[in-house]
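Trainee: Chains A, B and C, in that order, are what the protein sequence lines are.
Position 173 of the first sequence, counting from 1, maps to 173 under our numbering, and the rest follow consecutively.
Position 5 of the second sequence, counting from 1, maps to 5 under our numbering, and the rest follow consecutively.
Position 208 of the third sequence, counting from 1, maps to 208 under our numbering, and the rest follow consecutively.
For glycine and all other residues, C-beta sits at the position ideal for the given N, C-alpha and C.
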Amino acid sequence: MKKGHEHKNPKKYGMVIDLDKCTGCGACMVACMAENNVPFKKDESNKLDSITWLRVYKLTNNKPYPDTEICYLPRPCMHCEGSHGHSPCVSVCPATATDYSTETGIVSQIYTRCFGCRYCMAACPYHARYFNWWDPVWPTGMEQMLSPNVSPRMRGVVEKCSFCYHRYQLAMEKAYFEEREDLEEDEYQTACTEACPAGAIVFGDLNNKGHAVYKLKSDPRAFRLLERLGTNPKVYYLSSREWVRRQGDNYLEHEETGKARQKVHH
Amino acid sequence: MFPFIFEWIWDPSHMVFMGGLWYALGIIGLGMTYCIVKAAVDTVQGKGGHDH
Amino acid sequence: MDSALIPNGVKRCSFWQFYLFIGAVGVVLLWGVLAMLLIWLKGLNQTNMNDAYGFALWIWADLAVIALGGGAFFTGFLKYIVGKDELKNIINYAVLIGFICYSSALLILAIDIGQPLRGWFIFWHANVHSMLTEVAFCLSCYFAVLTIEYIPLILENRQLDKVPFFHNLSHNMHEVMAVFAATGAFLSFFHQGSLGGVAGVLFGRPFAYREAFFIWPTTFFLFTWSAAACGPCFTIMLTRLIEKVTGKKLVKQNVIDLLAKIAGWMLLTYIIAKTIDTLYWANVTVPELGQTLAEFYSDNALYKMYFLFLEIGLFGFVPALILVTKKGRNNGFLLISAVILAVLGASLNRWVMVLQVMAVPVLPFESWNLYFPSWQEVATTILPVAYGVILVALSYRYLPVFPQEKALNPIDG
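(1) Answer yes or no: do I271 (chain C) and F317 (chain C) have a C-beta to C-beta separation smaller than 9 Å?
(2) What does a CB cutoff of less than 6 Å around P125 (chain A) pick up in its chain, not counting 5 residues either side in sequence?
(3) Residue range of the beta strand (DSSP E) that T72 (chain A) falls in?
(4) Got a sec? Which residues, its chain only, sit under 6 Å from F296 (chain C) by beta carbon, not counting five neighbours each side?
(5) Is the separation between the beta-carbon of L391 (chain C) and that of A35 (chain C) shorter than 9 Å?
(6) Going along the chain, which residues of the region 339-365 of chain C sit with their C-beta nearer than 8 Å to a C-beta in chain A?
(7) First and last residue of the beta strand (DSSP E) that includes K327 (chain C)?
(8) Against chain A, does V198 (chain C) count as a neighbour if the rule is that its beta carbon must be under 9 Å from one of theirs?
(9) Which same chain residues end up closer than 6 Å to M1 (chain C) when comparing Cβ atoms and leaving out the 5 residues on each side of it in sequence?
(10) In the DSSP assignment, the alpha helix (DSSP H) including K58 (chain A) goes from what residue to what residue?
(11) In three-state DSSP terms, what is Q109 (chain A)?
(12) Among all the DSSP beta bridges, which residues are the ones paired with P217 (chain C)?
(13) According to the Cβ coordinates, are I81 (chain C) and A185 (chain C) closer than 9 Å?
(14) With a cut-off of 9 Å, does the C-beta of K263 (chain A) fall near any C-beta of chain C?
(15) Anything in the region 216-248 of chain A with a Cβ closer than 9 Å to a Cβ of chain F? List those residues in chain order, please.
(16) I need the DSSP call for F203 (chain A), collapsed to helix, strand or coil.
(17) Can you list the residues of chain B that H191 (chain C) reaches, using a CB-CB cut of under 9 Å?
(18) Considering only residues of the region 232-313 of chain C, which uninterrupted alpha helix (DSSP H) runs meet the minimum length of 4 residues and lie entirely inside it, listed in chain order?
(19) Looking at the C-beta of G156 (chain A), does it have a partner C-beta in chain C at a distance below 9 Å?
(20) CA-CA distance, A171 (chain A) and E185 (chain A)?
(21) According to DSSP, simplified to helix, strand and coil, what is S162 (chain A)?
(22) Decide if F137 (chain C) is buried, meaning its Cβ has at least 16 other Cβ atoms within 10 Å, or exposed.
(23) Excluding sequence positions up to five away, which residues of its chain have a Cβ less than 8 Å from the Cβ of K263 (chain A)?
(24) Can you name the residues of chain C whose CB is closer than 7 Å to the CB of C22 (chain A)?
(25) Verify the CB distance criterion: does F203 (chain A) have a CB-CB separation below 9 Å to chain C?
(26) Out of A:A195, A:E187, A:S218, A:P197, which one is the CA nearest neighbour of H204 (chain A)?
(27) Let's test the definition: count the other Cβ atoms within 10 Å of the Cβ of N250 (chain A) and tell me whether it reaches 16, buried, or not, exposed.
(28) Using the Cβ count rule (16 or more neighbours within 10 Å means buried), how would you classify C13 (chain C)?
(29) Under the rule that 16 or more other beta-carbon atoms within 10 Å means buried, what is I215 (chain C), buried or exposed?
(30) Taking DSSP's pairing of strands, which residues face G46 (chain B) in a bridge?
(31) Short of 7 Å Cβ to Cβ, which residues in the region 76-107 of chain A face chain C?
(32) Give the DSSP bridge partners of D99 (chain A), in chain order.
(33) Is it buried or exposed, E69 (chain A), if we count other Cβ atoms within 10 angstroms and call 16 or more buried?
(34) Q159 (chain C): buried (16+ other C-beta within 10 angstroms of its C-beta) or exposed?
(35) Let me see if you follow: with CB-CB separation under 9 Å, is W375 (chain C) close to chain A or not?
(36) Among all the DSSP beta bridges, which residues are the ones paired with S83 (chain A)?
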């Protein structure tokens, strides 16, 4: 949200997830947990207090057999841009512990500054933010297996998907060393993108015409979750099924999917 | 909260917000300082106690 | 035993009777303290909050006590700024209630945050665009003002007043109290509003979101307004309560009548504004976001349409209409009913703007979230009540809280 930073080539990293391809295997969730040292409990049956930066939802068309259809929808943090970086969570954080980067379009979370008021969680309509109700407890020996690039979080703070920001940092370090300012598309990819066996997740710079996401976001099948709220998310979904697209947002009965006017917030 | 903290930006929203804060803190601080100092001076001058 | 501390010319119950009462309330207080320590030592896993219910009972309690504690700033505003001098007979009590409410709110906030030791980050790394930042700043500053308003009353204790310095300090603080009261009113108008803004700015939550005038959502103004209306009602309610407990008339009827009349008009205008706001939100804002009013009040076990009718009708228009009529105010039963209904109204409004906001699903493929607090949450929410009872009891016993008590209850001989 900071003003005064103007970048020569501002990037806008985003994701396009093809729901027609997603099989709901959960490999993205596993890869995300492992990559980002996401803590877990012995008993993970209560999904309301367990942490899943990337969560795969199961959607159904609510029709009886034999017309029943299901669709799996992976939901990372949407890295909302709102209007000029005024994303729902960034604007409410009282301690500036979460920030919208105009350089990358990534919404960051500063764990050592968050004091756990959970206002950002109340603000996020996607439930993409998670609270550490406990200190992380790793099974014996697992500390050795944690990623050294991601700091584990302590009890009492909020965490969420960072679009594997540490990977961006590592890639940028290499680029600077090679006296480059920009990254190639394959130099920075999130763990979930790489893990998806169906190739349903595509990641890249939404501003860069050379990146796959640039074209895919304009696909006629594309939609974003809760666009009408003005959150301006950077995660796009593709589905050829109308009932799936319709579940991406709230519509009045007479309204056509995707045609409702989007509110703009300042 | 202070200009030397790196989030501090010299923009209107910061000036209005922090201006209001320091204005309120200033009145509270100055008001209490006045009361305490005047009470001390009054006491030295022998006012107060049971003589009223 | 403690007769030297009791104000001259008033009667108090026996030492043992009093401390037996304090001891009984103290047990409840200790229960709350135990829960508080458990939460501080073990963390927020002691609560029943979860990732869908990040704001829950405590935030409601905070919002409710601050609204009800609004009697202090509004009575102060009326006395010192508007010049309603009769209110000097109830201002001490209003300040005391405000002090209890605000100290409770700060305590609950300190329990509610995941990393209490980092609480000062809200000041140090302040994000001036966050409503919560404004709340924290104004709340702390206004608590300082309330402390300043309460100190002279403490210094008026018979024994403390004998110390010349304390006597002079109390006298000087009274002299400049209008300046402090004005600062308090300024701070209160903002933080009461910001508390409304906390929910109102959540544009990701259509149930909470309200469109803005300039930079403030309409809830900003409605919260300040309702605090100014219901705060004095809470003061009147607790005045009647302490009169019942002590068996004495402590404040003259004309004082209560004046405060009730002003509160009544504030409440009536507030509830009209609230109705207009609700109609606009339900018919314009919500449909623009693709939802209907009925969706917010169906498909769940608790939140039904009657919530809306309760808040605006029974807890809004009914007490307002009683309080604006002279007949209503002069009838003891109607007056007490009206102030209780108004207090319930403010509490229900805060409940809806915190707990129902969290409960309503936003993503079409999600469902309602209902939550029930853990005993630790309940105990820490009752803790301030016990603390408040003790502080009121101690203040009443040892300090001249009610200036009219002597005249209304002359002691023979």
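Mentor: With the structure as the only source:
(1) Here the question's residue 271 (chain C) lines up with position 271 in the third sequence. Here the question's residue 317 (chain C) lines up with position 317 in the third sequence. At a Cβ-Cβ threshold of 9 Å, I271 (chain C) and F317 (chain C) count as neighbours.
(2) Position 125 of the first sequence holds residue 125 (chain A). Leaving aside the five residues that flank P125 (chain A) on each side, the residues in its chain whose CB is nearer than 6 Å to its CB run, in chain order, L226.
(3) Start at 1 with the first residue of the first sequence, and residue 72 (chain A) comes out as number 72. A small correction: the amino acid at residue 72 (chain A) is Tyr; Thr does not occupy that position in the sequence shown. It spans 70-75 - the beta strand (DSSP E) in which Y72 (chain A) sits, taken as one unbroken run.
(4) Position 296 of the third sequence, counting from 1, holds the residue named residue 296 (chain C). Correct list, in chain order: F207, V360.
(5) Along the third sequence, one-based indexing puts residue 391 (chain C) at 391. Along the third sequence, one-based indexing puts residue 35 (chain C) at 35. Not closer than 9 Å, so no.
(6) So the list reads V357, M358, V362, L363, P364, F365, given in the order they occur along the chain.
(7) In the third sequence, counting from the first residue as 1, residue 327 (chain C) sits at position 327. Annotation: K327 (chain C) is outside any beta strand (DSSP E); the continuous alpha helix (DSSP H) that includes it extends over 326-330.
(8) Your numbering for residue 198 (chain C) matches position 198 in the third sequence. Using a Cβ-Cβ cut-off of 9 Å, V198 (chain C) counts as an interface residue toward chain A, since at least one Cβ of chain A sits closer than that to its own.
(9) Working through the third sequence from its first residue, we reach residue 1 (chain C) at position 1. The residues are F15.
(10) Translated into positions along the first sequence, residue 58 (chain A) becomes position 58. No alpha helix (DSSP H) holds K58 (chain A); the beta strand (DSSP E) holding it covers 55-60.
(11) Residue numbering aside, residue 109 (chain A) sits at position 109 when the first sequence is read from its first letter. Strand.
(12) Indexing the third sequence from 1 puts residue 217 (chain C) at position 217. BP columns for P217 (chain C) point to C:A212.
(13) Locating residue 81 (chain C) in the third sequence gives position 81, where the first residue counts as 1. Locating residue 185 (chain C) in the third sequence gives position 185, where the first residue counts as 1. Remark: C-beta atoms of I81 (chain C) and A185 (chain C) approach each other more closely than 9 Å.
(14) Counted from its first residue, the first sequence places residue 263 (chain A) at position 263. Its pLDDT being 47, under 50, K263 (chain A) is placed unreliably by the model, and the measurement read from it follows with that caveat. Yes, its Cβ sits closer than 9 Å to a Cβ of chain C.
(15) The structure shown has no chain F; the protein chains it does contain are A, B and C.
(16) Position 203 of the first sequence, counted from the start, is the residue given in the question as residue 203 (chain A). Correct three-state label for F203 (chain A): strand.
(17) For the purposes of this step, residue 191 (chain C) is identified with residue 191 of the third sequence, where counting begins at 1. The contacting residues do not exist; H191 (chain C) stays about 11 Å from chain B at best.
(18) With a minimum length of 4 residues, the continuous alpha helix (DSSP H) runs that stay inside the region 232-313 of chain C are 253-280, 306-309.
(19) Residue 156 (chain A) sits at position 156 when you count from the first residue of the first sequence. By this cut-off, G156 (chain A) is an interface position.
(20) Sequence index remark: in the first sequence, residue 171 (chain A) carries index 171 (1-based). Sequence index remark: in the first sequence, residue 185 (chain A) carries index 185 (1-based). The alpha-carbon separation between A171 (chain A) and E185 (chain A) amounts to approximately 11 Å.
(21) Counting from one through the first sequence, the residue named residue 162 (chain A) turns up at place 162. S162 (chain A): coil per DSSP, three-state reduction.
(22) As a working note, residue 137 (chain C) is residue 137 in the third sequence. Buried, by the Cβ-count rule.
(23) Your numbering for residue 263 (chain A) matches position 263 in the first sequence. No answer about K263 (chain A) holds up, because its pLDDT of 47 lies below 50 and its placement is not dependable.
(24) In the first sequence, the residue the question calls residue 22 (chain A) occupies position 22. The contacting residues do not exist; C22 (chain A) stays about 14 Å from chain C at best.
(25) Taking the first sequence and counting its residues from 1, the one referred to as residue 203 (chain A) is at position 203. Judged by the 9 Å Cβ criterion, F203 (chain A) is not in contact with chain C.
(26) For the purposes of this step, residue 204 (chain A) is identified with residue 204 of the first sequence, where counting begins at 1. The displayed chain sequence assigns Gly, not His, to residue 204 (chain A). Comparing alpha carbon positions, the residue from A:A195, A:E187, A:S218, A:P197 closest to G204 (chain A) is A:E187.
(27) For the purposes of this step, residue 250 (chain A) is taken as the residue at position 250 of the first sequence. Around the beta carbon of N250 (chain A), a 10 Å sphere encloses 16 or more other beta carbons of the protein chains shown; the residue is thus reported as buried.
(28) Residue numbering aside, residue 13 (chain C) sits at position 13 when the third sequence is read from its first letter. Exposure of C13 (chain C) is indicated by the presence of fewer than 16 other C-beta atoms within 10 angstroms of its C-beta.
(29) Counting from one through the third sequence, the residue named residue 215 (chain C) turns up at place 215. Under this definition I215 (chain C) is an exposed residue.
(30) Locating residue 46 (chain B) in the second sequence gives position 46, where the first residue counts as 1. Answer is none; G46 (chain B) lacks a bridge partner.
(31) Residues passing the 7 Å Cβ filter: P88, S91, V92, C93, P94, A95, T96.
(32) Stepping through the first sequence from its first residue, residue 99 (chain A) is reached at position 99. Bridge partners of D99 (chain A): A:S108.
(33) Within the first sequence, numbered from 1, the residue matching residue 69 (chain A) stands at position 69. By the 10 Å Cβ count, E69 (chain A) comes out exposed.
(34) On the third sequence, residue 159 (chain C) is found 159 positions in, with the first residue counted as 1. It counts as exposed.
(35) Taking the third sequence and counting its residues from 1, one reaches residue 375 (chain C) at position 375. Chain A contact via Cβ: absent.
(36) Translated into positions along the first sequence, residue 83 (chain A) becomes position 83. As a beta-bridge residue in DSSP terms, S83 (chain A) pairs with A:H86.
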